[in-house]
Amino acid sequence: MAFFFMKLSKYTHIIPIKDDIYALYNSLLIDSVFVNRTELNNLRRELASPIKQPSDLLQYLYKFYFLIDSDEQDVEIYQEALKRISAPSISNTYIIISENCNFNCEYCFLKEAVNKKSTTRFMNNNIIRKTVHFLQKTYEYQKNSNVDGAQIITFYGGEPLLNFAGIKTFIEEVNKLKKNYYWPQVQYSIVTNGSLFNNEIICFLKKNDIAVGISIDGDKFSHNKRISKDGTQTFDEVLAGIKQCSANNLPFTLSVTLTEDVLKRGDEVLDFLVSLSPESLAYNILMPEKGINQSDDYYKQATQFMIHSFEKLKHHGIAEDRIMRKVHAFINKSLYLYDCSAAGGNQLVITPDGKIGICHGYLNTMDYFPTNLLDNAMINPKDNIMYQLWNKRTPLLMHQCQQCECLGICGGGCPYVAEYTNGSIFSLDDRFCIHSKMILQWLLTNAYELSK
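Under the numbering used here, the first residue of the sequence shown carries the number 236, and numbering increases by one thereafter.
So, in structure tokens, the structure goes:
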């Protein structure tokens, strides 16, 4: 009779769940098996010596790659995973229609760009026309290269509605251009502080099916970091804007930065956000700033609030975007390669003066903005060195992530934060390591409860 030597795949992690229950979790296949302490100890004994007659559990674990009998099997599933990495191509574009802002939020990660002295604060009609034609050429090139698909264009700032005329001009230029040239299906969106809505703006957004994201940090007490240029509170203006959207049946998402004031009053804040009836919520963890370092405890508390919020929001039919990404990956056993569009080489950012880059996080420094519309430049991501570099910014290709239990569902966090805090876009975003591990623990615990 043949004797077999087996061992745990290097992607199989033993994760305590509760009491004497453990998850055997394959981080690359995003699959789990739950065992009790006795079963786990029996499995360890079986693996400690040559196997004559494998138990049913051992046979199952071997069949589904929790166990391997040669390192080549790990190489095989890793190579299959790598096939999921597509060549870089544009799917998301940020139009910085205004670098100016009427707010001066204390935690704004773009405050240097927003507050810098510049003669070009708004995208003018010439740059808008060049932007539209540049995008048309980019989309047509991708279509001819068999990389066609739906596109997202986001009007961003600063406060984009300070240049509402520019947004109207952009849409008008697109409508004229697509009568004679190729233009794909596009979902437009806008990220705004919500203080400038009026009937004209709301009617325009509805007519052009522009998805609306409004930044608000909970109720009046927790919104206190979002102040105006003159230092006054902005809550009443933002709430009035949200109520205008609701009164005109304009759907909106709420973008909420998890400040310590939000976390201190979590349930009250959450009840208030639910009362506003958003389509969905998107929570943001604080970004690092010069001289301000958030503690690990902050990131743990923020993640715990997000989990608590997710569970409460689902009873109201409201999804939370950031956690939903991982829930989707976990449930569908689908690798989540990138947590943003810039990582992967799938994003364009175009500034008011026509500079072209990959990540809006770098608007402060203008790193990774190699070219300009005025040079009649054309970016083909497949052939562009910068886009090829960012395409590799996935945990699957980062050596420090290979042994992490979150390998398949993390997405790697924010490349900008990784470079800002640790020196390279290929460094870890340490905040996200804390966040992802807590989310995985919660997902596995829920999966076990549902399996009973």
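Glycine included, every Cβ here is placed at the ideal spot set by N, Cα and C. Predicted model only: the values in this text are computed from it and were never measured.
Query: Coil, strand or helix - H551 by DSSP; Result: helix
Query: Residue span of the beta strand (DSSP E) that contains H368, given as start and end; Result: That residue, H368, is in no beta strand (DSSP E); its alpha helix (DSSP H) goes N360 to N379.
Query: Where P251 falls: helix, strand or coil (DSSP); Result: strand
Query: Rounded straight-line distance, which links the Cα of L259 to that of H248; Result: 6 Å
Query: Three-pair Cβ contact test at 8 Å for the region 533-547 versus the region 493-507; Result: yes
Query: Option in M241, P251, F240 and N261 with minimal Cα separation from Q638; Result: N261
Query: Alpha helix (DSSP H) runs contained entirely in the region 271-302, provided each spans 4 or more residues; Result: 272-282 and 291-298
Query: Where the beta strand (DSSP E) through L489 begins and ends; Result: T488 to T492
Query: Residues of its chain near G448, where Cβ-Cβ distance is below 6 Å and the 5 sequence neighbours each way are ignored; Result: V426, T488 and S490
Query: Beta-carbon gap between L412 and Q468 smaller than 7 Å; Result: no
Query: Proximal residues to A564 (C-beta, below 6 Å), its chain only, five neighbours per side dropped; Result: Y571 and I644
Query: In DSSP terms, what N607 is bridged to; Result: K590
Query: Best match in I591, F240 and S544 for proximity to L293 [C-alpha to C-alpha]; Result: F240
Query: Run of the alpha helix (DSSP H) containing L675, from where it starts to where it stops; Result: D665 to S686
Query: Alpha helix (DSSP H) runs wholly inside the region 389-476, at least 4 long, in chain order; Result: 399-412 and 434-442
Query: contact_flag[the region 644-659, the region 609-617] where n(CB pairs < 8 Å) is 3 or more; Result: no
Query: Buried versus exposed, by CB contacts within 10 Å (16 or more), I688; Result: There is no way to answer for residue 688, as the model of the chain reaches only from 236 to 687.
Query: Beta-carbon proximity list for M236, same chain, < 7 Å, skipping 5 on both sides; Result: Confidence at M236 is low in this model, with a pLDDT of 37, below 50, so the placement of that residue is unreliable and no value is reported for it.
Query: Residues of its chain near G596, where Cβ-Cβ distance is below 6 Å and the 5 sequence neighbours each way are ignored; Result: Y651
Query: 8 Å Cβ shell around P419 - same chain, five flanking residues per side excluded; Result: Y374, K378, D383, G384, A385 and Q386
Query: From E555, I674 and Q676, residue whose alpha carbon lies closest to that of P513; Result: E555
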